[in-house]
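Beneath this line is the structure, given in C-alpha cells, with notes to follow.
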DNA sequence: TTTTGAACTGTCACTACCGACAGTTACATG
DNA sequence: CATGTAACTGTCGGTAGTGACAGTTCAAAA
C-alpha cells in the first residue's frame, strides 16, 4: 500500500493551493498513487451533447490524438454516467452496462486507458458538471484492494483540486461574465415567463407596459446570447439565474 | 486515531446500500468517528433565500426546536458558504469571516453545536445543492489533527450517503410522477426547444413535419400541466426531464 | 458635469406559436 | 382480436412573440 504520510501530504498541498496548475496536480497524483492516467473535465449541457468547458489529461500526444479524432468524449459511457450522477463510476461497471460500447473500450485499450479505473463526479455551480477520471494499469484484484483503500483519498483530492480550478476560473473569468449579469427587472420578467405568463400578464403583474416587458426580455436574451424566450428561460434555470417557484 | 479498518468497513456499508435511512448513517458515523452531531441538507435556491427540500440531523428535541424557531438555517453562514461553494467549510473559518454572526454561534454553543466542525458541499443534479455538516466536541488542536486524518473519510462517506439519498428519492417519487413521464419524442422536441430552435428547425432536425413537432410539444405541455413552451422547458429543466448530457 | 446604466414607452411588420378540428400507421400487450 | 400507446400528418384562425425603428426619465458613479 501507498505511504499514508505521503497521501496526507498530498491532500495538504492540494487543499492549501499548492496545485494551481492541472499538470502539477496530475504529476503529484501519479507520483503518490499507482495511477496510469488522469482526466479532468468541466462541461455544461447542450441540446445535442455537451459543451466541454475545460479538459485536462495526462494522455500522451498519440493517445490524445486518437481520443480527439474519434470524439470518444462524446460517447464515452463513463463520462455519461459520471456527469449524470453522484456516485463514483467504476470503468468495468460502465463497460458491463453498455455492451454496445465494447469497440470503444477496445480503442481505449489501444492507448493504454481501460484496464481499471474510476470516475468521480464533482459538485459544481448550478447547471454545470465536472468529473475526475482515474485510470490504473492494475489487475482487477489488485485494483479492487487498491480502490477500497484509496477511493477516499481520490475523492477528497478531486474535490479540492476541482475547487481550486473553479476559484482560479472565477478570478480569471470575472471580467467577461460581467455583461451576462441580469438586472432586477430582467430577472423578474424571465421568472414570470418561466411561470407561463404572457407579456400582457407580466405587464399587468409588474404594473408596467407590455412594451417594457418586451424591452427587458430582449435585453435578457441579448445578455444570455440566446434567440428565444424559451431558450433564455432554459439557460436561466440551468444557471440558477431565476428563483425556483 | 480511529481504527482504520472500522473506517473502511463504514465506507463499504455506505457504498453498497447498507445505509438507506439517514438515522442509520448518522449512528454509524457517530459510532465510528468522534462526532457530536451531523446535519444533512438538500436545498434549492429561491429569490430570497433557500427552499429546504430535505433536512436530517442528530440534534436532540430541544436543540432542534431552538434551531427551528430561530430559523438558524436561514442565516447560518456555514450553510451559505457550503451551499455556494465546492470546498469544505471549516466552522471556525465561517465564524471569523462573518463576525456579525457571532450571536448565532453563541446560540449554537448553547445547544452543543459550535466547537469544531466542517461542512462538505455535495454534487447534485440540476441547480440543486446539498451538504453534510459535521460537528465535533473537540479542542481546536485535537480537531485539526483529527480533521487532517479523516476529512477524506468524511468526504467519501458524505458523497456515498448523498448518492443513496438521491437514488432513494428517485425510486420513491417515480410512482406519482407516472403521468408526468415524457415519451422519447416529447423529450427530444423539448430539448431542441430549450436550445432555441423553432418548430420548423426542429422538424428539419428530426426529419418529421412541423405539425408533428407541434403535436409532441402539445402533449408535453399537457403532461407537464403548463400553458406555454417556455414554461414547459423551465419545468423540464428544473425536474431534469430533458437530458443534461 | 458628463457619463453611464437601469427603467421605461410607442409603432410597424413579420414570424412563431397554439388550440381545435380530424385523421393514419405501427407495434406491443392482454 | 381488441386495447392501448407512441409516432405521425393536414388545415384554419387567432394570439403571442420578435426585431427594428426612435425615443424619455432618473439616479449614481466618474
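Residue numbers (our numbering), protein chains in the order written: chain A, 1 to 245; chain B, 246 to 490.
Here a beta-carbon is modelled for each residue, glycine too, at the ideal position from N, C-alpha and C.
Here the structure is a predicted model, which means the values were calculated and not measured.
Spatial neighbours of residue i in its chain, beta-carbon cut-off 6 Å, leaving aside the 5 residues before and after
i, result
"residue 364 (chain B)", "323, 327, 334, 376 and 378"
"residue 42 (chain A)", "53, 54 and 130"
"residue 360 (chain B)", "382"
"residue 216 (chain A)", "185, 186 and 189"
"residue 456 (chain B)", "none"
"residue 213 (chain A)", "189, 199, 202 and 203"
"residue 6 (chain A)", "32"
"residue 271 (chain B)", "283 and 303"
"residue 340 (chain B)", "350"
"residue 301 (chain B)", "267 and 285"
"residue 384 (chain B)", "none"
Residue i classed as buried or exposed, judged by whether at least 16 other C-beta atoms fall within 10 angstroms
i, result
"residue 400 (chain B)", "buried"
"residue 145 (chain A)", "exposed"
"residue 106 (chain A)", "exposed"
"residue 141 (chain A)", "exposed"
"residue 91 (chain A)", "buried"
"residue 15 (chain A)", "buried"
"residue 58 (chain A)", "buried"
"residue 452 (chain B)", "exposed"
"residue 393 (chain B)", "exposed"
"residue 198 (chain B)", "Limits of chain B in this structure are 246 at one end and 490 at the other, which puts residue 198 (chain B) out of reach."
"residue 97 (chain A)", "exposed"
"residue 225 (chain A)", "exposed"
Cβ shell of residue i (< 7 Å), same chain only, five flanking positions each side left out
i, result
"residue 255 (chain B)", "273, 277 and 402"
"residue 242 (chain A)", "187, 190, 191, 194 and 236"
"residue 159 (chain A)", "122"
"residue 93 (chain A)", "none"
"residue 117 (chain A)", "91, 133, 134, 135 and 136"
"residue 388 (chain B)", "361 and 381"
"residue 209 (chain A)", "203"
"residue 464 (chain B)", "431"
"residue 80 (chain A)", "none"
Contacting residues, own chain, Cβ-Cβ under 8 Å from residue i (five flanking each side not counted)
i, result
"residue 227 (chain A)", "221"
"residue 262 (chain B)", "409"
"residue 354 (chain B)", "360"
"residue 24 (chain A)", "18"
Check whether residue i and residue j have beta carbons under 8 Å apart
i, j, result
"residue 22 (chain A)", "residue 368 (chain B)", "no"
"residue 435 (chain B)", "residue 468 (chain B)", "no"
"residue 265 (chain B)", "residue 407 (chain B)", "no"
"residue 478 (chain B)", "residue 230 (chain A)", "yes"
"residue 380 (chain B)", "residue 280 (chain B)", "yes"
"residue 331 (chain B)", "residue 166 (chain A)", "yes"
"residue 397 (chain B)", "residue 152 (chain A)", "yes"
Residue i Cβ short of 7 Å to the ligand SAH heavy atom set
i, result
"residue 233 (chain A)", "Ligands are entirely absent from the displayed structure, and the ligand SAH is therefore not among its contents."
Review point. Along the segment 229 to 243 of chain A, what residues have a CB closer than 9 Å to any CB found in chain B?
Key: If the cut-off is 9 Å between Cβ atoms, the segment 229 to 243 of chain A has 229, 230, 231, 232, 233, 234, 235, 236, 237, 238, 239, 240, 242 and 243 near chain B.
Review point. Between the segment 196 to 214 of chain A and the segment 433 to 441 of chain B, do three or more beta carbon pairs fall short of 8 Å?
Key: With the cut-off at 8 Å, the segment 196 to 214 of chain A and the segment 433 to 441 of chain B do not touch.
Point to revise | Residues, ordered as in the chain, of the segment 193 to 216 of chain A that lie near chain B by beta-carbon distance below 7 Å | key: Within the segment 193 to 216 of chain A, the qualifying residues are 193, 194, 195 and 196.
**Study point:** Interface positions of the segment 6 to 32 of chain A facing chain B (Cβ-Cβ less than 9 Å), listed along the chain
**Key:** Within the segment 6 to 32 of chain A, the residues whose Cβ lies closer than 9 Å to some Cβ of chain B are 7, 8, 11, 12 and 15, listed in chain order.
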